[in-house]
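Colleague: The structure's right below; bear with me while I get my questions together.
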Amino acid sequence: MVEKALRFIYYDYMPQYKKYRIDFVSGGEPLLNFDVIKYVKQVGDKLYKETNKPLELWVATNGTLLTDETVKYLDENNINIGISLDGDKMQHDLLRVDINGKGTYERVVNNIKKIKASKVYSRHTKDIWGLVVITSKTKSLVDILRHHYGLGFRNVQMKIVRLEKESEYAINSECVEQVKEMYTELFDFFTAQLEDQSITYLKMILNDNDFAGKIVRRLLLRYVVQNRCQAGKNKVSIAANGDIYPCDSFVGMEKYKIGNIFEQEMHNEFEAITIETRQECSKCWAKYICGGDCYHNSCLVNHSIYKPDSIICELEKFVIKKALVYIDTLGEKAPDQYKYLMELLAKREKMLL
Ligand code: SF4
Ligand code: SF4
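Read in this note's numbering, the sequence shown has 134 at position 131, and its numbers run on one by one without any break.
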């Protein structure tokens with residue numbers, strides 16, 4: 004199925020692209036079935052020989068199964084690693100427990116330290132991404148960044164959890180003010196760092212996945228965003244039976260199924276969606292920076308991919324305002340750092356092409 008699915012993507016469904024990428028991100032812990040990852044790599048190599056189009060692999064893991072053998076394979080095959088680590092021991096162990104209910108923090112951190120201290124692994128492997136989920140129980144984003152920096156992380160994604168609003172862990176009207184305070188603390192921290200001409204911590208989140216980092220990045224690059232993401236456009240998820248979905252979060256939701264790799268007929272409403280076709284978003288002042296709510300989150304909260312989650316809207320606008328003030332201060336207080344950041348982002352953009 005892996006080979007059939009990849010051949011379908013390369014030759015039939017998306018033949019126009021020069022390179023491809025697979026993210027092993029959801030549907031369970033990918034390292035539990037390491038043979039599949041190895042097999043995908045083999046098929047990717049075969050397709051590269053046939054088409055000269057590379058397949059990049061990205062593994063998001065809970066970090067508990069990173070043995071020497073596994074990491075050696077990931078290292079030798081240039082596979083990117085992201086590890087879920089929600090903060091310090093107390094914060095992480097709140098939700099990330101093993102089958103016996105025991106917190107996994109120590110195991111995960113030991114594995115991270117082993118990789119970082121290794122003399123044989125490449126810089127690429129050591130440059131692990133820190134993946135953080137922000138829930139109603141998150142205490143401080145500044146503490147998380149400091150903690151992750153101390154462990155050697157230089158790239159972090161802090162994302163807001165996607166859950167029904169009744170969930171104990173959801174960001175809802177009861178805790179949104181507390182989340183806003185955390186973002187205020189974060190931007191105050193970034194601003195205070197400018198007294199020392201430092202952007203070290205800001206740089207950690209300056210990617211298109213971190214909730215605040217992506218906003219700062221877009222504002223600096225003066226991006227005009229048309230979509231929330233590429234779900235159903237140049238990104239799809241293929242289930243084990245060949246069903247195609249707009250992204251991993253929709254897998255199993257029949258209503259949003261695009262088709263199947265063995266069938267000709269496709270139905271893909273995501274292809275035509277832009278910020279202008281989502282009614283509320285089209286009238287919003289923040290639309291070209293925000294791009295709209297995650298379709299899956301809108302679905303969870305409002306049962307429609309077109310109707311954004313008002314709590315996320317509130318947060319998005321709040322963070323945009325904070326980011327604008329920060330960028331203004333950055334230009335004023337640390338013009339050299341501002342220039343450096345612009346050059347760095349321009350370089351990264353070129354690499355993406
Ligand atoms: S803030 Fe809300 S309404 Fe505005 S563009 Fe974003 S998701 Fe749409
Ligand atoms: S719809 Fe949501 S979960 Fe799916 S790719 Fe887009 S942002 Fe991610």
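The beta-carbon is built from N, C-alpha and C at its ideal position, and this holds for glycine as well.
Counting pairs of Cβ atoms below 8 angstroms between the stretch 88-106 and the stretch 31-42, do you hit three or more?
Modeller: These segments do not touch.
Colleague: Is the stretch 308-327 in contact with the stretch 282-299, if contact means three or more CB pairs nearer than 8 angstroms?
Modeller: yes
Colleague: Do threonine 107 and threonine 141 have their C-beta atoms within less than 7 angstroms of each other?
Modeller: no
Colleague: Between which residues of its own chain and serine 190 is the CB-CB distance below 6 angstroms, once the five residues before and five after are set aside?
Modeller: According to the sequence displayed, residue 190 carries phenylalanine and not serine. The residues are Lys325, Tyr329.
Colleague: Ligand 2 and tyrosine 298: does the residue's C-beta get closer than 6 angstroms to at least one heavy atom of that ligand?
Modeller: Because some heavy atom of ligand 2 lies under 6 angstroms away, the Cβ of tyrosine 298 counts as near it: yes.
Colleague: Cutting at 7 angstroms between CB atoms, please list the residues of its own chain near valine 164, excluding the five before and the five after it.
Modeller: Non-local C-beta neighbours of valine 164 in its own chain, meaning closer than 7 angstroms and more than five positions away in sequence, comprise Val136, Ile137, Thr138, Tyr172, Ala173, Ile174, ordered along the chain.
Colleague: List the whole-angstrom C-beta distance separating leucine 197 from lysine 75, where the pair is believed to meet the contact cut-off of C-beta under 8 angstroms.
Modeller: Wrong, their Cβ atoms sit about 41 angstroms apart, outside the cutoff.
Colleague: Can you give me the Cβ contacts of lysine 119 inside the same chain, cut-off strictly under 7 angstroms, excluding the 5 residues immediately before and after it?
Modeller: Lys129, Gly155
Colleague: For cysteine 293, verify whether its CB is less than 6 angstroms away from any heavy atom of ligand 4.
Modeller: With respect to ligand 4, the structure shown offers nothing to examine, as its ligands consist of ligand 1 and ligand 2.
Colleague: Looking at the structure shown, is leucine 134 part of a helix, part of a strand, or coil, going by DSSP?
Modeller: strand
Colleague: Please return the same chain residues whose Cβ sits closer than 6 angstroms to the Cβ of isoleucine 261, not counting the five positions on each side in sequence.
Modeller: Ile247, Met269, Asn271
Colleague: Mind checking whether the beta-carbon of glutamate 279 lies closer than 6 angstroms to any heavy atom of ligand 1?
Modeller: Relative to ligand 1, even the nearest heavy atom lies 6 angstroms or more away from the CB of glutamate 279.
Colleague: Under 8 angstroms, with one C-beta from each stretch per pair, do the stretch 233-240 and the stretch 250-258 reach the 3-pair mark?
Modeller: yes
Colleague: Whole angstroms is fine: what's the gap from isoleucine 218's alpha carbon to lysine 21's?
Modeller: 28 angstroms
Colleague: Indicate, with yes or no, if ligand 2 has a heavy atom lying under 6 angstroms from the CB of alanine 234.
Modeller: yes
Colleague: At the level of alpha carbons, what is the spacing between valine 322 and glutamate 188?
Modeller: 11 angstroms
Colleague: Beta carbon of glycine 216, beta carbon of leucine 209: below 7 angstroms?
Modeller: yes
Colleague: Given 6 angstroms as the limit, tell me if alanine 289 has its C-beta closer than that to any heavy atom belonging to ligand 1.
Modeller: yes
Colleague: Is glutamate 319 near ligand 1, in the sense that its beta carbon is under 6 angstroms from a heavy atom of that ligand?
Modeller: yes
Colleague: Three-state secondary structure (DSSP) at glutamine 2?
Modeller: Outside the shown range of the chain (4 to 356) lies residue 2, about which nothing can therefore be said.
Colleague: By Cβ distance below 7 angstroms, which residues in the same chain neighbour isoleucine 12 in space, the five residues on each side in sequence not counted?
Modeller: Tyr23
Colleague: Rounding to the nearest angstrom, what Cα-Cα distance links leucine 9 and lysine 52 in this structure?
Modeller: 14 angstroms
Colleague: Hey, which unbroken runs of the alpha helix (DSSP H) at 4 residues or more fall wholly within the stretch 287-346?
Modeller: The stretch 287-346 contains, as complete alpha helix (DSSP H) runs of 4+ residues, the segments 290-293, 298-305, 313-336 (chain order).
Colleague: Name the one or two DSSP bridge partners that methionine 161 has.
Modeller: Val135
Colleague: I need the straight-line Cα distance from glycine 47 to phenylalanine 27, nearest angstrom please.
Modeller: 14 angstroms
Colleague: Excluding five sequence neighbours on each side, which residues of the same chain lie with their C-beta closer than 7 angstroms to the C-beta of phenylalanine 37?
Modeller: Thr73
Colleague: Consider the C-beta atom of cysteine 284 and the heavy atoms of ligand 1; say whether any pair is separated by less than 6 angstroms.
Modeller: yes
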